[in-house]
Amino acid sequence: MAPPARSSQSSSPSQPSGKGEVSDLKSQLRQLAGSRAPGVDDSKRDLFKKVISYMTIGIDVSSLFGEMVMCSATSDVVLKKMCYLYVGNYAKVNPDLALLTINFLQRDCKDEDPMIRGLALRSLSSLRVPNLVEYLVGPLGSGLKDSNSYVRMVAVIGVLKLYHISSATCMDADFPSILKNLMINDCDTQVVANCLSTLQEIWTAEGSNSEEASRERDALLCKPLIYYLLNRIKEFSEWAQCLILELVAKYVPSGNNEIFDIMNLLEDRLQHANGALVLATIKVFLQLTLLMTDVHQQVYERIKAPLLTLVSSGSPEQSYAVLGHLHLLVMRAPMLFSSDYKHFYCQYNEPFYVKKLKLEMLTAIANESNTYEIVTELCEYAANVDVPIARESIRAVGKIALQQYDVNAIVDRLLQFLEMEKDYVTAETLVLVKDLLRKYPQWSHDCIAVVGNISSKNIQEPKAKAALIWMLGEYSQDMQDAPYILESLAENWDDEHSPEVRLHLLTALMKCFFKRPPESQKALGIALAAGVADFHQDVHDRALFYYRLLRYNISIAERVVNPPKQAVSVFADPQSSEIKDRIFDEFNSLSVLYQKPSYMFTDKEHRGPFEFSDELGNLSIEPDVSAQHVEADDEDLLLSTSEKGDVGFPLNGSSYSAPSYDSSKPLSASNTSSDLAILETSVHHQASASLAIDDLLGLGLSTTPAPAPPTLSLNPKAILDPGTFQQKWRQLPVSLSLELNVSPRGVAALTTPQALIMHMQGNSIHCIATGGQSPNFKFFFFAQKSEELSNFLVECIISTSSSKAQMKIKADDQNSSQAFSALFVTALSKFGML
Amino acid sequence: MISQFFILSQRGDNIVFRDYRGEVQKGSTEIFFRKVKFWKEEEQEEAQAPPVFHVDGVNYFHVKIAGLLFVATTRVNVSPSLVLELLQRIARVIKDYLGVLSEDSLRKNFVLVYELLDEVVDFGYVQTTSTEVLKSYIFNEPITVDAARIPPLGPASIFMQGSQRMPGTAVTKSVIANEPGGKKREEIFVDIIEKISVTFSSSGYILTSEIDGTIQMKSYLTGNPEIRVALNDELNIGRGGQSIYDYRSSTGSSAVILDDCNFHESVRLDSFDVDRTLSLVPPDGEFPVMNYRMTQEFKPPFRVNALIEEARNLKAEVTIKIRAEFPSNITANSIVVQMPLPKYTSRATFEIEPGAAGQMADFKEANKKIEWNLKKIVGGSEHTLRAKLTFSQESHGNIMKESGPVNMTFIIPMYNASGLQVKYLQIAKKSSTYNPYRWVRYVTQANSYVARL
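Those sequence lines, one after another, are chains A and B. Those letters in the first sequence? Residues 1 to 834, by full-length UniProt numbering. Those letters in the second sequence? Residues 1 to 453, by full-length UniProt numbering.
Laid out in structure tokens, this is it:
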């Protein structure tokens with residue numbers, strides 16, 4: 001249907017403007033309306049075509065409504081169809097005139113030709129006029145009982161249309177229960193599929209305000225129905241198969257045998273040429289095996305080849321959609337794809353969005369065995385004429401360097417980039433060298449020798465300039481010219497427009513001053529004066545702050561601005577694992593391509609069935625933070641690049657330990673001065689240090705008051721079968737989620753995860769499943785209250801590479817989850833994890 | 001579940017517009033077109049919009065086919081591959097009915113297209129995309145457009161150019177149109193289309209190679225007889241356990257080893273494991289019987305060597321050599337070789353081998369590229385292009401890093417690199433006189449054919 005009237009838009013020369021033509025048509029239609037002359041249908045066809053073509057290009061032809069209806073008395077199917085199309089489009093804006101059509105539509109609904117009955121019923125239900133629904137109920141009812149499957153097919157969707165016009169009418173007529181019956185009894189598979197879509201949509205919409213409806217919705221996941229559909233799945237069209245598989249992915253089987261039965265049944269669906277069907281099958285496989293680590297891993301191996309085939313066959317658009325999913329899987333289990341790296345090499349004719357995904361995958365799967373090949377390939381792209389790809393490739397090389405143990409060769413390559421003397425290559429490389437130095441200070445000697453040769457005049461991009469200045473400040477004792485380069489930059493303060501660069505210049509000069517005071521005093525003076533007079537608030541504040549600090553006490557100033565640092569062990573991952581898991585749960589949906597969970601891009605009323613909205617409430621703080629991070633991720637592959645250089649705290653082990661890092665995160669992410677953050681947080685930290693040590697929870701939830709001493713006792717012999725666990729895990733909202741730092745001792749202890757499981761069992765917390773492999777371990781625990789049958793479920797993900805543990809706690813009794821989490825954390829810390 | 005479907009011309013005009021659910025505001029076509037046309041990404045100036053994006057809670061999906069934009073919108077978090085697949089299928093169904101897919105044919109037949117759209121999707125839910133099933137619901141007859149004026153579409157369309165062996169009209173015939181004379185010609189087309197990707201290192205060593213193939217079928221047989229397609233006897237699928245890039249195992253044997261493949265819904269594989277035959281009752285219209293992927297070592301049809309040497313006084317010389325390594329009874333068409341040059345190249349003069357007909361070399365000033373066009377290359381021959389470059393500034397001594405890689409596109413009819421063959425095409429006989437035309441055609445195209453410097 002065309003949008004009626006786009007008056008504001010000037011029509012292009014090839015399209016008629018409308019008015020005159022429409023009134024012409026009107027009079028011609030009038031002439032034909034009553035005529036029974038031979039050949040009149042042909043002239044009508046021509047006229048109708050004209051009307052529809054005007055409608056398509058956006059000319060408002062609604063004024064012809066009356067004439068069109070008058071002409072509709074015909075036995076010519078082609079004419080009828082055009083008329084239906086027209087009526088469906090304009091009935092909503094002409095509700096009064098729409099009444100005129102009811103008569104002939106109702107008559108057609110009783111036609112002896114099933115085709116006409118179906119068409120008429122479809123048009124009747126597409127009118128979208130609330131006043132006319134009373135005329136719809138009758139024909140729909142008989143349509144559902146029609147002997148012809150085409151009519152039933154149309155009628156089922158008609159019920160859904162009715163529901164959207166007037167849900168009350170639809171429910172009062174008891175259509176849903178008729179559909180339920182039809183769904184399991186109809187012999188036509190498309191009728192069955194339409195029943196399923198319709199019921200899903202209706203129950204989901206009703207579910208928010210009716211207990212019964214949400215029960216009905218869950219009943220769609222009952223075993224008999226799922227089996228009924230699965231056993232006939234090959235009789236359905238490929239599209240309906242997708243629908244069924246989407247439902248099956250939500251089904252919780254009662255045991256492993258059932259899981260294997262389903263997977264064996266669906267095995268050959270992986271060979272289908274329809275990518276959507278293959279992805280839907282893969283989703284079922286992945287969801288069913290979530291708690292079976294070994295099988296889950298086998299599934300990855302099994303689906304690799306079909307996915308790669310889909311990526312390389314089909315249109316570029318389809319292969320992008322599949323590649324997005326492959327990307328997700330690669331990110332979850334890079335190890336499993338490390339030998340397939342050649343598949344992720346870029347082809348020269350691929351669009352940017354494909355190459356970008358591939359570069360990210362190459363970065364993720366780089367390990368000892370393939371790094372040389374991957375980095376060599378990336379270096380080819382870095383020399384590419386395609387500038388954005390060249391940039392991405394350089395970042396990828398840097399990222400690989402940051403995640404590898406043997407970075408020797410990679411550092412050399414990065415330094416070679418600097419010799420290419422292409423502006424953008426140099427710019428990207430400088431940023432990376434800076435990050436590398438923060439992680440591997442031992443490389444400073446080699447890097448500085450090369451970086452020192454770069455003239456700051458050749459660097460235009462603020463980020464690169466900031467990186468260079470940071471290095472000049474940080475290593476001013478080793479770089480002969482540092483004070484003088486900084487001085488010339490300070491003297492040309494006005495030529496530098498980026499506040500980011502100015503901020504860095506201030507800090508670098510401070511550092512330089514502490515190390516080589518006589519040579520940089522003058523430059524610092526110039527910079528502070530210029531900074532204090534700066535219009536940018538942050539620059540002004542920082543300059544003033546430094547100035548006052550220096551006046552107060554120089555040695556304190558040094559401790560604040562240039563404290564001894566430890567190397568950054570791991571740069572923060574811009575996306576929390578909570579978000580990643582949610583995206584994984586929404587496999588085979590847009591979430592995967594957008595790389596964000598659906599609640600971030602859909603309105604509430606358009607969320608699909610079975611998405612537990614109550615869970616969102618508990619997440620309300622997280623989305624904001626992570627949304628920010630997602631955006632940051634688009635610009636920078638590393639979070640670090642959006643931070644100021646100075647926030648390179650070690651994650652643990654010094655006075656600037658993780659908590660202060662965490663609390664400075666929002667500040668640094670919003671691009672404000674980070675030195676201020678250091679001061680604030682360190683003061684805050686000192687004050688609360690003793691508290692924090694006593695109360696481990698306080699670290700993760702620094703704003704919540706310490707919980708009351710737990711009075712919870714757990715049942716040491718608690719029992720829960722995996723099926724129930726899985727079901728509960730799906731149903732219960734997250735009542736508490738926390739992130740803790742794992743001590744080095746804990747990291748070491750995880751080489752034998754079994755020990756942790758035994759230990760937790762000693763504390764009446766039982767492990768039901770484990771998964772993942774180094775460096776990411778995943779545990780599912782449960783516990784029960786000793787006095788009643790009330791369960792606590794815990795998902796605990798421990799990353800030894802980032803030394804973090806993330807926990808999600810779900811509980812039957814929400815009120816005691818706080819107390820339980822205290823017990824859980826205490827148990828963990830007794831093990832030496834924290 | 002989709003909300004709207006529309007087809008836009010390259011200029012952004014609505015050719016077809018169907019709103020199924022009325023959830024997306026009016027004007028979505030303009031929002032979409034503007035977004036696609038002026039897509040911005042990072043520092044890129046001419047970025048290409050991804051096939052899926054969202055604006056104000058509306059998700060837009062699009063595929064480009066025959067210069068047209070096929071678009072769907074929705075507000076729900078649907079499966080992107082489902083919608084993109086659907087858009088492709090809608091295009092295919094329309095093409096089956098109209099014979100050709102072009103702006104002209106769509107404008108002439110939009111009523112028929114609406115008729116199709118009404119049956120394909122109802123209230124956003126896919127009902128059927130089978131050309132066959134749809135036949136009984138379609139009452140309009142297609143208005144044919146002149147196929148000769150239509151730009152070629154899809155890989156199979158190359159059979160329309162030049163080669164006299166194929167009746168050109170076949171690919172542009174509607175499934176419901178009657179032939180002049182009232183009788184339909186009984187025929188079936190099976191096309192083996194392979195896209196090859198090869199990357200040569202600077203020393204001529206093959207870094208990566210892959211063949212993505214498709215067996216495409218288009219049947220105009222009445223009465224839907226069963227068809228058996230026999231492939232090579234020595235055809236293996238999957239390389240159990242081995243690394244896919246392990247070449248050693250395959251050399252010396254005539255076996256074709258596919259990494260993986262998938263099949264159309266109608267294909268039955270009952271005897272596939274025994275004698276490598278596929279049996280199917282082909283539905284009407286065009287469809288891929290089988291898609292396959294192969295990384296087994298194969299002989300690339302062309303060897304490409306490129307060299308750039310710096311001379312004094314802001315000058316350099318480029319030599320590009322291509323050698324056709326396929327039999328001399330086969331000829332490749334429409335060969336284009338491109339090589340990006342350093343940004344500061346100001347001029348290039350060419351020296352094409354003497355006596356070469358149908359060759360043309362050009363320096364594309366705007367994007368600093370050499371473009372070398374060859375109408376045809378006969379198997380076994382070798383061709384060389386020399387170019388003298390003039391630079392506007394001193395190079396930094398790493399001229400190799402600032403030019404290349406060389407990339408190449410070509411089409412080779414009646415040739416396939418993988419060795420996969422249709423050994424026979426058996427059609428279940430209805431009577432002794434029933435002997436429909438069978439066309440089995442091979443074609444190889446370059447996908448990403450790159451030689452590094």
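The C-beta atom is built at its ideal place from N, Cα and C for all residues, glycine as well. Source: prediction; values computed, not measured.
Backbone secondary structure at residue i - three-state DSSP
| i | result |
| --- | --- |
| Phe70/B | strand |
| Gly168/B | Any reading at Gly168/B needs caution, since the residue's pLDDT is 38, under 50, leaving its predicted position unreliable; the model's value is listed next. In the structure shown, Gly168/B sits in a helix (DSSP, three-state: H, G or I). |
| Ala687/A | Low confidence applies here, because Ala687/A scores a pLDDT of 38, under 50, leaving its location unreliable; read the following figure in that light. It is helical. |
| Ser620/A | In this prediction, Ser620/A has a pLDDT of 34, which is less than 50 and means its spatial position is unreliable; nothing more can be read from the coordinates. |
| Met217/B | strand |
| Leu637/A | Unreliable positioning characterises Leu637/A in this predicted model, as indicated by a pLDDT of 31, which lies under 50. The coordinate reading is nonetheless provided below. Three-state result, Leu637/A: coil. |
| His62/B | strand |
| Ala37/B | It is worth fixing the name first, because residue 37/B is Lys in this sequence and not Ala. If DSSP states are grouped into helix, strand and coil, Lys37/B belongs with the helices. |
| Met171/A | helix |
| Gln25/B | coil |
| Lys644/A | Its pLDDT being 36, under 50, Lys644/A is placed unreliably in this model, and the coordinates cannot settle the point. |
| Leu357/A | helix |
| Asp111/A | coil |
| Thr222/B | coil |
| Val100/B | coil |
| His383/B | strand |
Proximity of residue i and residue j at Cβ, strictly below 8 Å
| i | j | result |
| --- | --- | --- |
| Leu310/A | Gly275/A | yes |
| Ser456/A | Pro483/A | no |
| Gly57/B | Arg34/B | no |
| Val780/A | Cys767/A | In the sequence as presented, Val is not what sits at residue 780/A; that position holds Phe. Yes, these two residues count as a Cβ contact at 8 Å. |
| Asn194/A | Ile226/A | no |
| Lys423/B | Asn232/B | yes |
| Met115/A | Tyr150/A | yes |
| Leu436/A | Val411/A | yes |
Chain B residues whose Cβ lies nearer than 9 Å to that of residue i
| i | result |
| --- | --- |
| Pro306/A | Asp260, Asn262 |
Residues that residue i contacts on chain B, provided the C-beta gap is smaller than 7 Å
| i | result |
| --- | --- |
| Pro351/A | Gln48 |
| Met331/A | Chain B residues near Met331/A: none, gap ~17 Å exceeds 7 Å. |
| Gly275/A | Ser81, Glu85 |
Amino acids of chain B, ordered along the chain, whose beta-carbon sits closer than 8 Å to that of residue i
| i | result |
| --- | --- |
| Gln190/A | Gln127, Thr128 |
| Ala822/A | Under the 8 Å cutoff, chain B gives no residues; its nearest Cβ is about 37 Å from Ala822/A. |
Chain A residues whose Cβ lies nearer than 7 Å to that of residue i
| i | result |
| --- | --- |
| Asn140/B | Val78 |
Chain-ordered chain A contacts of residue i [CB-CB under 9 Å]
| i | result |
| --- | --- |
| Arg452/B | Glu380 |
| Tyr205/B | The premise fails here: Tyr205/B is roughly 13 Å from chain A at the closest Cβ pair, so nothing lies under 9 Å. |
Distance cut-off 7 Å: residue i Cβ against heavy atoms of the ligand FMN
| i | result |
| --- | --- |
| Ser488/A | Judged by which ligands are present, the structure shown has none, so any question about the ligand FMN falls away. |
Chain-ordered chain A contacts of residue i [CB-CB under 8 Å]
| i | result |
| --- | --- |
| Asn109/B | Under the 8 Å cutoff, chain A gives no residues; its nearest Cβ is about 10 Å from Asn109/B. |
Note to self: If we require 4 or more residues per run, which alpha helix (DSSP H) segments fall completely within the segment 282-366 of chain B?
What the structure shows: none
Worksheet entry | Secondary structure, beta strand (DSSP E): runs of 3+ residues fully inside the segment 740-791 of chain A | 766-773, 776-784
Please name the residues in the segment 397-420 of chain B whose beta-carbon is closer than 9 Å to at least one beta-carbon of chain A, in chain order.
Asn398, Met400, Lys401, Glu402, Ser403, Gly404, Pro405, Asn407, Thr409
**Study point:** alpha helix (DSSP H) runs wholly inside the segment 270-331 of chain A, at least 4 long, in chain order
**Key:** 275-288, 293-312
Notebook entry, point to check: In chain order, which alpha helix (DSSP H) runs of at least 4 residues are fully inside the segment 541-594 of chain A?
Noted result: 554-561, 577-585, 590-594
Taking any Cβ of chain B, which residues in the segment 225-254 of chain A have a Cβ under 7 Å from it, in chain order? Ser237, Glu238, Trp239, Cys242
- prompt: Which ranges would you report for the beta strand (DSSP E) in the segment 44-83 of chain A if only whole runs of at least 3 residues count?
  reply: none
Name, going along the chain, the residues of the segment 57-76 of chain A whose beta-carbon falls closer than 8 Å to a beta-carbon of chain B. Look at the segment 57-76 of chain A: the residues with a C-beta under 8 Å from a C-beta of chain B are Ile57, Gly58.
Please identify, using Cβ separations under 9 Å, the residues of the segment 157-168 of chain A that lie next to chain B, in order along the chain.
Ile157, Gly158, Leu160, Lys161, His164
Q. Given a limit of 7 Å on CB to CB distance, which residues of the segment 78-100 of chain A reach chain B?
A. Val78, Lys81, Met82, Leu85
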